[in-house]
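Structure record follows, encoded as structure tokens.
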Amino acid sequence: MLEALVLSALREAESSATADWMQERLGGDLAHTTVITILTRLLAKGAVTRERAGRSFAWTHRTHRADGTVTERED
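This is how it looks when you write it as structure tokens:
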């Protein structure tokens, strides 16, 4: 359930998003470490990607096509 909430919020981002942005977008109820844990699990499942952004990471959701292939989000 939390993974679905995080993915939904990440899809609403205009571009990649940081964990801080995600935490704020989700209402601030989740701890920063919880958001990072969820994003890391989604990364392991191939649902998101991340890039180094200073001292943290910028996260981007991956798009799943109808044929089952996965593509990077195009901004």
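Note that the working numbering has the sequence shown beginning at 4, numbered continuously upward. Ideal Cβ placement from N, Cα and C applies to all residues, glycine included. Fair warning: this is a prediction, and the values are worked out from it, not measured in the lab.
If we ignore side chains and look at the alpha-carbon of each, how far apart do residue i and residue j end up?
{"i": "Gln26", "j": "Thr66", "result": "22 Å"}
{"i": "Ala7", "j": "Arg55", "result": "23 Å"}
{"i": "Thr63", "j": "Leu42", "result": "10 Å"}
{"i": "Ser59", "j": "Ala47", "result": "18 Å"}
Once DSSP output is grouped into helix, strand and coil, what is the label at residue i?
{"i": "Thr43", "result": "helix"}
{"i": "Thr66", "result": "strand"}
{"i": "Arg76", "result": "The predicted position of Arg76 is uncertain, since its pLDDT is 46 and thus under 50; a value taken from the coordinates is nonetheless stated next. In this structure, Arg76 counts as coil in the three-state DSSP scheme."}
{"i": "Arg55", "result": "strand"}
Beta-carbon within less than 8 Å of residue i's beta-carbon, same chain only, minus the 5 sequence neighbours each way: which residues are those?
{"i": "His35", "result": "Ala22, Asp23 and Gln26"}
Can you give the beta carbon distance from residue i to residue j, rounded, assuming they're within the 8 Å contact cut?
{"i": "Ala20", "j": "Leu13", "result": "6 Å"}
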